[in-house]
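Report on the following structure.
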Amino acid sequence: MTGAAPMMKRDECFRVLARHVTDEIVIASYSSAVDWNELGARVRNYFSVGAMGLASSHGLGLALGRPTQRVLVLDGDGSLLMNLGSLVTIAAAAPKNLVHFVCQNGTYEANGSHPIPNPEVDFAGMARAAGYAQTHDFSDLAAFTQQIGHVLTQDGPVFATLRVERSAPLTYDYPTLYAAEKRKALKAALAS
Amino acid sequence: MDAATEQTKAELNGGLILAAIKAAGVEFVLSVPDIVTSAGLLRPIARDSALRLIRVCKEDECIGIASGLSYYDKRALILIQYTGFLDSLNAIRAVAVEYKQPICMMVGLLGHEPERAPTQSGRFGVRIIEPILDAMGIAHDLIREDADVAKIKPAIDKAYAQSAPVALLIGRRPRPSQ
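First to last, the sequence lines map onto chains A and B. Just so we're aligned, residue 1 is where the first sequence starts under the numbering used here, counting upward by one. Just so we're aligned, residue 1001 is where the second sequence starts under the numbering used here, counting upward by one.
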């Protein structure tokens, strides 16, 4: 699948994805965290990635710690560019329970919507070259809707680019997203 | 024998450090190679089936991975050079300090002269490590001879008990066990 038009909307993709999510840990950063959080509170949501780019690394830790627990990462393109090495680290560690999405809209959306250095960069190609077990590149919502169920059940590490439009301006309520209570609740849920 | 000569004769046994790491319940070691700990520590860890070594591309990845593992109470040790520590400060600031995660770092002080305190090192990069840790409120211990190895397990236990970061500064190249 190529990145040719038509593009998707991130929130629409997440609504489709949410229909398939049950007890997975979902790690999301910045704009992805805002859109995912809009779909409803879940104890197994994890937004406290701390530093731009680290979502995939938190995801690797959460995947390695319990191989039976499925982990989804909703990354941003600007974020992933700050931690491209994590693609190689994740591929080498080879967690079968990790699915890594990147929402590619070509901009640092949370920082003024300036363009990333190369908005057309091929993330799925890089993930494939790094050694991910499965890679996908979606730009059409119908195709994404049709295939996402299969993507989520593949042995990982799985990578999927979601080519999306810039969204309307979002409200970034970081104190709420990063609240310590959310981290405590997640830990309690994973202990039970 | 003066103190300086005694210090020169001091040794740091990598096998003792490895035993202390395992005694502390560490299951995962996350590392970018550091020449200070390469032969005496990282190579034995790589051969040790009781530890899972995750080789990362850049040190700040370790902060996220260790945080993720901590949600299951899986203990991790981050084995890096002080240059990697400096490169990871923003991740450490956010995840370890502001989010109060149990991030345990073992940091090789490349170029450090073991007979001196790190703050008196001739290397600028080494001199600033302890002041930075103090400014960030991160507990730290200097490990530069065998007697210091006893600090490792309590430091890691405390980090996980209190959900707080700790830095164990390796001030001498550990000698590989025979």
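Ideal Cβ placement from N, Cα and C applies to all residues, glycine included.
Alpha carbon of residue i to alpha carbon of residue j, nearest angstrom
i, j, result
"A:Y46", "A:T89", "21 angstroms"
"A:L190", "A:K182", "12 angstroms"
"A:A41", "B:S1038", "45 angstroms"
"B:L1168", "B:H1140", "6 angstroms"
"B:E1145", "A:Q104", "50 angstroms"
"B:K1153", "A:M8", "51 angstroms"
"B:P1176", "B:V1149", "14 angstroms"
"A:Q154", "B:K1151", "44 angstroms"
"B:Y1072", "A:V102", "25 angstroms"
"B:A1094", "B:S1067", "11 angstroms"
"B:V1166", "B:G1108", "14 angstroms"
"A:V34", "B:R1127", "41 angstroms"
"B:A1159", "B:S1121", "27 angstroms"
"B:D1134", "B:L1079", "20 angstroms"
"B:G1213", "B:I1132", "Residue 1213 of chain B lies beyond the range of chain B shown here (1001 to 1178); nothing can be said about it."
"A:R70", "A:E109", "28 angstroms"
"B:M1136", "A:P67", "34 angstroms"
"A:D75", "A:H100", "7 angstroms"
"B:E1006", "B:T1119", "Low confidence applies to B:E1006: its pLDDT is 47, below 50, so where it sits in the model is not reliable, and the reading given next is rough at best. Cα-Cα distance, rounded: 20 angstroms."
For residue i, three-class secondary structure by DSSP
i, result
"A:Q104", "strand"
"A:I27", "strand"
"A:P115", "strand"
"B:C1104", "strand"
"A:T153", "helix"
"A:L84", "coil"
"A:H58", "helix"
"A:A46", "Correcting the residue type first, residue 46 of chain A is Tyr in the shown sequence and not Ala. A:Y46: strand per DSSP, three-state reduction."
"A:M126", "helix"
"A:E12", "helix"
"A:G76", "strand"
"A:Q134", "strand"
"B:D1002", "In this prediction, B:D1002 has a pLDDT of 48, which is less than 50 and means its spatial position is unreliable; nothing more can be read from the coordinates."
"B:R1075", "strand"
"B:R1043", "helix"
"A:T2", "For A:T2, the predicted model reports a pLDDT of 46, less than 50, meaning its position is unreliable and no value from the coordinates is stated."
"B:I1143", "strand"
Short Cβ contact (8 angstroms threshold) for residue i with residue j
i, j, result
"B:I1170", "B:I1143", "yes"
"B:G1064", "A:S113", "no"
"A:R10", "A:L39", "no"
"A:A55", "A:S29", "yes"
"A:P95", "A:L64", "yes"
"A:S86", "A:M52", "no"
"B:F1085", "B:E1059", "yes"
"B:A1010", "B:P1114", "yes"
"B:P1174", "B:L1030", "no"
"B:R1075", "B:A1147", "no"
"B:V1056", "B:V1032", "yes"
"A:T161", "A:F123", "yes"
"A:G149", "B:A1091", "no"
"A:A194", "A:T135", "This structure does not reach residue 194 of chain A, given that chain A is present from 1 up to 192, and the question cannot be answered."
"B:I1021", "B:L1077", "yes"
"B:R1172", "B:L1012", "yes"
"B:Q1044", "B:L1018", "In the sequence as displayed, the identity of residue 1044 of chain B is Pro instead of Gln. Cβ distance < 8 angstroms, so B:P1044 and B:L1018 count as in contact."
"A:R19", "A:L186", "no"
Whole-number beta carbon distance between residue j and residue i, since they are thought to touch under 8 angstroms
i, j, result
"A:L62", "A:I25", "5 angstroms"
"A:S139", "A:R166", "Incorrect: roughly 14 angstroms between the Cβ atoms, too far for contact."
"A:L177", "A:N37", "6 angstroms"
"A:L98", "A:G156", "5 angstroms"
"B:L1051", "B:V1026", "7 angstroms"
"A:A179", "A:Y132", "Contact flag wrong, Cβ pair sits at about 32 angstroms."
"B:I1129", "B:Y1082", "5 angstroms"
"B:K1100", "B:S1049", "So it is not a contact: roughly 32 angstroms between Cβ atoms."
Distance cut-off 7 angstroms: residue i Cβ against heavy atoms of the ligand PLP
i, result
"A:E38", "Inclusion of the ligand PLP in the displayed structure is not the case, the ligand content being empty and no account of it being possible."
Contacts that residue i makes with chain E (C-beta to C-beta distance below 7 angstroms)
i, result
"A:S48", "No chain E is present in this structure, whose protein chains are A and B."
Between the region 1057-1072 of chain B and chain A, which residues of the former have CB atoms less than 9 angstroms from a CB of the latter, in chain order? C1057, K1058, D1060, E1061, C1062, I1063, G1064, I1065, A1066, S1067, G1068, L1069, S1070, Y1071 and Y1072
Proximal residues, the region 1069-1103 of chain B versus chain A, C-beta separation under 7 angstroms: L1069, Y1071, Y1072, K1074, N1090, A1091, A1094, V1095 and Y1099
Under 9 angstroms (Cβ pairs) to chain A, residues found in the region 1103-1131 of chain B: none
Residues of the region 1042-1056 of chain B in Cβ contact with chain A at a cutoff of 9 angstroms, in chain order, please. R1052, I1054, R1055 and V1056
Which residues, taken in chain order from the region 48-73 of chain A, show a beta carbon closer than 9 angstroms to some beta carbon of chain B? S48, V49, G50, A51, M52, G53, L54, A55, S56, S57, H58, G59, L60, G61, L62, A63, L64, G65, R66, Q69 and V71
Against chain B, which members of the region 124-144 of chain A pass a CB distance test of less than 9 angstroms? none
Interface residues of the region 149-164 of chain A facing chain B [CB-CB below 9 angstroms]: none
Members of the region 79-105 of chain A that neighbour chain B once the beta carbon cut-off is set at 7 angstroms: N83, G85, S86, V88, T89, A92 and A93
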